[in-house]
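Residue numbers (the UniProt record's numbering): 7 to 342.
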Ligand code: F6P
């Protein structure tokens with residue numbers, strides 16, 4: 007019998023509750039005791055925890071957010087705090103800790119490993135999908151769907167007014183969300199880190215493409231999906247720049263935190279459930295310092311050091327598809 011603790015850290019992601027549920031139920035199934043630390047790494051510093059029983063988790067699979075709460079914990083960069091967290095875990099006789107979060111949380115885990123001798127297991131939970139060693143992170147699929155839903159509505163009003171919109175989506179410094187959302191919402195342009203040259207070139211390309219579309223289609227809606235943190239000073243500035251450069255009037259729209267909320271889609275619920283069970287199996291097998299991922303539908307284990315070190319690359323086929331669709335759409339019109 008082991009004492010297993012779970013925490014969620016960093017940006018919450020739909021499906022974190024499904025992961026908490028499956029870790030807890032699987033651990034209870036094997037006769038372990040389960041504890042949830044609250045507010046991410048802060049809970050480790052403040053000894054803020056609660057025992058988790060079947061009735062605490064059985065009905066949470068469909069909830070967004072995280073019942074364990076989350077937080078960013080910059081103070082965890084301090085070695086004294088890392089040591090304190092390890093001491094607290096050791097005093098409470100916690101044999102294993104499961105951290106559900108993104109790469110910032112995994113860096114926290116690596117730091118903790120310097121002082122804590124129990125088992126450490128990571129589950130990738132972030133809407134950004136920017137974690138190596140897994141095709142998808144918990145929350146990504148739901149965030150893409152939420153954004154598509156919102157952008158479909160923006161398309162309606164954009165169509166009605168024949169307007170140009172720039173929609174900013176989350177993703178921190180990676181383009182998984184922007185590219186997938188852009189393709190799935192049929193955006194005319196997707197601006198992501200992976201295809202961005204520089205503001206001058208991009209401004210020229212966007213302006214030319216908007217004008218070409220207008221020439222070929224007549225007045226119509228035009229949607230640009232842009233990754234956050236990409237355009238200098240944000241998407242409002244991009245609209246100002248387009249106006250100044252080419253007299254194109256463009257409406258900015260920042261989707262923001264709705265992308266983090268909502269009930270998880272089936273993909274996130276099922277993947278989180280599989281990953282939670284795999285985390286407990288790994289603890290049973292006395293493994294440590296690994297992250298559980300899913301590659302091509304199968305559970306994958308990689309070293310946390312590897313998950314943190316490597317930057318996951320956006321699928322080149324998606325980038326190609328986006329570029330080709332733009333060209334093909336225009337060629338089709340020209341040949342008419
Ligand atoms: O990592 C998830 C995420 O939603 C990013 O997409 C975004 O850049 C960031 O968190 C926002 O963080 P905060 O909640 O601290 O504002």
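Each residue gets a CB set at the ideal place from its N, CA and C atoms; glycine is no exception.
Near residue i, which residues of its chain fall below 6 angstroms by C-beta distance, leaving aside the five closest residues on each side in sequence?
{"i": "residue 5", "result": "With the chain covering only 7 through 342, there is no way to say anything about residue 5."}
{"i": "residue 69", "result": "23"}
Identify whether residue i lies in helix, strand or coil by the three-state DSSP scheme.
{"i": "residue 75", "result": "coil"}
{"i": "residue 149", "result": "helix"}
{"i": "residue 315", "result": "helix"}
{"i": "residue 9", "result": "strand"}
{"i": "residue 309", "result": "strand"}
{"i": "residue 342", "result": "Since pLDDT at residue 342 reaches only 44, below the 50 mark, its modelled position is unreliable, and the value read off the structure follows with that caveat. Reduced to three states, the DSSP call for residue 342 is coil."}
{"i": "residue 228", "result": "strand"}
{"i": "residue 330", "result": "helix"}
{"i": "residue 304", "result": "strand"}
{"i": "residue 103", "result": "strand"}
{"i": "residue 57", "result": "strand"}
{"i": "residue 121", "result": "coil"}
{"i": "residue 50", "result": "helix"}
{"i": "residue 154", "result": "helix"}
{"i": "residue 176", "result": "coil"}
{"i": "residue 91", "result": "helix"}
{"i": "residue 66", "result": "coil"}
{"i": "residue 262", "result": "helix"}
Identify which residue in the options has its Cα closest to the Cα of residue i.
{"i": "residue 148", "options": "321, 312, 281, 18", "result": "18"}
{"i": "residue 45", "options": "31, 24, 63, 15", "result": "15"}
{"i": "residue 137", "options": "331, 330, 328, 317", "result": "317"}
{"i": "residue 110", "options": "103, 303, 134", "result": "134"}
{"i": "residue 80", "options": "69, 70, 51", "result": "51"}
{"i": "residue 65", "options": "269, 102, 162", "result": "269"}
{"i": "residue 129", "options": "152, 114, 115, 104", "result": "104"}
{"i": "residue 143", "options": "327, 254, 279, 239", "result": "279"}
{"i": "residue 36", "options": "302, 315, 288", "result": "288"}
{"i": "residue 29", "options": "290, 231, 239", "result": "290"}
{"i": "residue 294", "options": "302, 253, 308, 304", "result": "308"}
{"i": "residue 234", "options": "196, 217, 210, 249", "result": "196"}
{"i": "residue 253", "options": "213, 154, 274", "result": "213"}
{"i": "residue 190", "options": "180, 153, 205", "result": "153"}
{"i": "residue 206", "options": "231, 237, 199, 178", "result": "237"}
{"i": "residue 82", "options": "47, 224, 102, 94", "result": "47"}
By Cβ distance below 8 angstroms, which residues in the same chain neighbour residue i in space, the five residues on each side in sequence not counted?
{"i": "residue 55", "result": "11, 41, 42, 43, 44, 49, 98"}
{"i": "residue 100", "result": "9, 10, 11, 41, 124"}
{"i": "residue 226", "result": "165, 168, 219, 220"}
{"i": "residue 26", "result": "12, 14, 42, 58, 63, 66, 72, 73, 74, 106, 282"}
{"i": "residue 192", "result": "161, 229"}
Apart from the five residues on each side of it in sequence, which residues of its chain come closer than 7 angstroms, Cβ to Cβ, to residue i?
{"i": "residue 201", "result": "325"}
{"i": "residue 314", "result": "109, 112, 113, 116"}
* Kindly confirm or deny that the region 117 to 132 and the region 75 to 88 touch, where touching means at least three C-beta pairs closer than 8 angstroms. => yes
* Asked: Should the region 248 to 266 be called in touch with the region 168 to 179, which here means at least 3 C-beta pairs below 8 angstroms?
  -> yes
* Are the region 153 to 160 and the region 241 to 252 touching, with three or more C-beta to C-beta distances below 8 angstroms? -> no
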